[in-house]
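Enquirer:
Number of protein chains: 2
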Amino acid sequence: MNQPPCTHTVGILAGMGPAAGVDFARLFVAACEDWLRSHGHAVCDQAYPAHWMAQLPIPDRTRALADGAAPQPLEAMAQGLAQLAGLGARAVAMPCNTAHAWHAALQERVPQVELLHMPRETAAALRAQGQERVALLATEGSYRIGLYEQAFAAQGIACVLPDAKARQWLMQGIYDGVKAGDMALAQQRFVAVGQALRAQHGDIALAMACTEIPLALPQAPEAQGWTLIDPTAILARALARRAYGA
Amino acid sequence: MNQPPCTHTVGILAGMGPAAGVDFARLFVAACEDWLRSHGHAVCDQAYPAHWMAQLPIPDRTRALADGAAPQPLEAMAQGLAQLAGLGARAVAMPCNTAHAWHAALQERVPQVELLHMPRETAAALRAQGQERVALLATEGSYRIGLYEQAFAAQGIACVLPDAKARQWLMQGIYDGVKAGDMALAQQRFVAVGQALRAQHGDIALAMACTEIPLALPQAPEAQGWTLIDPTAILARALARRAYGA
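Keeping their order, the protein sequence lines are chains A and B.
Sequential numbering from 1353 applies to the first sequence in the working numbering.
Sequential numbering from 1353 applies to the second sequence in the working numbering.
(1) Classify residue 1353 (chain A) as helix, strand or coil using the three-state DSSP reduction.
(2) Within its chain, find whatever has a CB closer than 8 Å to the CB of residue 1389 (chain B); leave out the 5 residues flanking it on each side and keep chain order.
(3) For residue 1546 (chain A) versus residue 1558 (chain A), is the C-beta distance shorter than 7 Å?
(4) Residue 1577 (chain A) lies in the beta strand (DSSP E); which residues open and close that run?
(5) Quick one: Cα of residue 1487 (chain A) to Cα of residue 1455 (chain A), how far?
(6) Could you say which of B:1426, B:1473, B:1491 lies nearest to residue 1592 (chain B) if we only look at CA atoms?
(7) How far does the alpha helix (DSSP H) with residue 1424 (chain A) in it extend, from its first residue to its last?
(8) Do you know how far the Cα of residue 1378 (chain A) is from the Cα of residue 1577 (chain A)?
(9) Would you decide whether residue 1541 (chain A) is buried or exposed? Buried here means 16 or more other CB atoms lie within 10 Å of its CB.
(10) How about residue 1517 (chain A): is its C-beta nearer than 7 Å to some C-beta of chain B?
(11) Check whether chain A comes within 7 Å of residue 1397 (chain B), counting only Cβ atoms and requiring the distance to be less than that.
(12) Kindly indicate if chain A contains any beta-carbon less than 7 Å away from that of residue 1369 (chain B).
(13) When burial is assigned at 16 or more other CB atoms within 10 Å of the CB, is residue 1555 (chain B) buried or exposed?
(14) How is the alpha helix (DSSP H) around residue 1502 (chain A) delimited, first residue to last?
(15) Can you pull the DSSP bridge partners for residue 1404 (chain B)?
(16) When you compare only the Cα positions, how much space is there between residue 1533 (chain A) and residue 1391 (chain B)?
(17) Would a C-beta distance cut-off of 7 Å place residue 1561 (chain B) and residue 1495 (chain B) closer than the cut-off?
(18) With 16 other CB atoms within 10 Å as the buried threshold, where does residue 1402 (chain A) fall?
(19) Residues of the segment 1405–1427 of chain B in Cβ contact with chain A at a cutoff of 8 Å, in chain order, please.
(20) For residue 1491 (chain B) versus residue 1563 (chain B), is the C-beta distance shorter than 7 Å?
(21) So within the segment 1436–1508 of chain B, which uninterrupted alpha helix (DSSP H) runs reach at least 4 residues, ignoring any that extend past its ends?
(22) Work out the CA separation of residue 1383 (chain B) and residue 1477 (chain B) for me, nearest whole Å.
(23) My parser needs the beta strand (DSSP E) runs of 3 or more residues fully inside the segment 1510–1543 of chain A; what are they?
(24) According to DSSP, residue 1558 (chain A) sits in a beta bridge with which residue or residues?
(25) Just tell me which of B:1489, B:1426, B:1503 has its CA closest to the CA of residue 1517 (chain B).
(26) Take the Cβ of residue 1425 (chain A) as the centre, count every other Cβ of all protein chains shown within 10 Å, and call the residue buried at 16 or more, exposed below.
(27) Excluding sequence positions up to five away, which residues of its chain have a Cβ less than 6 Å from the Cβ of residue 1548 (chain A)?
(28) So residue 1373 (chain A) is in the alpha helix (DSSP H); what residue range does that whole segment cover?
(29) I want to verify the contact list: residues of chain A whose CB lies under 7 Å from the CB of residue 1439 (chain B), in sequence order.
(30) Strictly below 7 Å CB to CB, what residues from chain B border residue 1637 (chain A)?
(31) Mind checking if residue 1377 (chain B) is an interface residue toward chain A, Cβ cutoff 7 Å exclusive?
(32) Which residues in chain B sit within 7 Å of residue 1403 (chain A), going by Cβ to Cβ distance?
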């Protein structure tokens, strides 16, 4: 075992929803542990980078994208990001896919930190894995602005979208399911979407491109053996690399 | 369903260790969800209180208590607590039992926030449950300063301590197990302690008074049916009450 690693403070801008924020923090700590092991460092409390998580009551992102008169999330997110910068964060991850609609605006408002981009990190990781075609499970807000479609296209990855009915199931699973604490409903809806996509496209990889989806789908008995891609875990590994200076 | 609840910003001073910090955040979010339901509020992202978690590389607490020449944690903890106060936290929880050795010093240094006291919250909750006798699973640091013994005595709860051998198993499970990422070792050591205590004292309640213990012991097949008390969960509920203004 060599010296304790050099670390940088990083931040997590979360609360979108709070359970997804906690899951991201768990994945980040696990990614740090993996980093330590793979670089020959001892795993102990003091080998982890300082990290701050802001779980803030930010207005709903999909609603804001659908209706310009609804409460908008940008101000609350920008304030949280600036506070994380003030705490010394060098890089910040936002465990909410839809929130990336405001990524450019946030990065412009707080240029002193690197705000990671979950769809781009995911697309790069999938390209590195050799994935050529992925089905996208996301919120209406994400579909509306083509968040993942653009990132996938830039890496030459084909993107399969669920039909209108399946998108409705996704929104029910996300909002009436995970965000409202009804995990059984969430699981039932997400499984239905996966089954519909697999009936049509075979054993296609399913990108769980809303942070609520990995809180319910991977545990479903029906989903065992499916190819599930978790952008939240990919983002957590990207943040761990920034925290350890890579 | 009535109006969204009034909330206060709260903080979590953590990193001792990082996995325990994440587990505390999970328990806090669950406690908030329970609070919302039991008070008739809709559960949605925006109904949760703003909460900030600082996961900081703080020097080891037990080592500092055993050896005054070892790196001491007070300065790093006080700085984190002051930063949480600066972010607007009204109350702060510290998901590390041994760290409460510095509770009074921290509260004195940062008087503008309420720093919850995990052993006292636990003792009050056990008293309310009618527990009269509890076995204490903790770090050497906690035993050294009588952290829980005093809080239990103040509530009239008898405290059973493991013998020297069992304490050694606890330290191995905490440091070589959970903190080093070896959950199998942790589980084996914690189970051995529980079995030894139960062989001597029957079906005694076991207080998992180090935040690493509930990460491994409750999942052990041998521990099913044991009476396990989780001070981390009790602290999470206490912080949720503060966040909702109670």
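Think of the CB as a built atom: it goes at the ideal place given N, C-alpha and C, for glycine as much as any other residue.
Expert: The short version:
(1) Residue confidence for residue 1353 (chain A) is low, a pLDDT of 49 falling below 50, so the modelled location carries little weight; the figure read from the coordinates is stated next. Coil.
(2) 1395
(3) yes
(4) Premise fails: residue 1577 (chain A) is in no beta strand (DSSP E) and is neither H nor E.
(5) 23 Å
(6) B:1473
(7) Unbroken run through residue 1424 (chain A): none, as it is neither H nor E.
(8) 23 Å
(9) buried
(10) no
(11) yes
(12) yes
(13) exposed
(14) 1499–1506
(15) A:1406, B:1363
(16) 15 Å
(17) no
(18) buried
(19) 1405, 1406, 1407, 1408, 1409, 1410, 1411, 1412
(20) no
(21) 1455–1461, 1470–1481, 1492–1497, 1499–1506
(22) 15 Å
(23) 1510–1512
(24) A:1487, A:1580
(25) B:1489
(26) buried
(27) 1518
(28) 1370–1390
(29) 1435
(30) There is simply no residue 1637 (chain A) to check, as chain A begins at 1353 and stops at 1598 in what is shown.
(31) yes
(32) 1407
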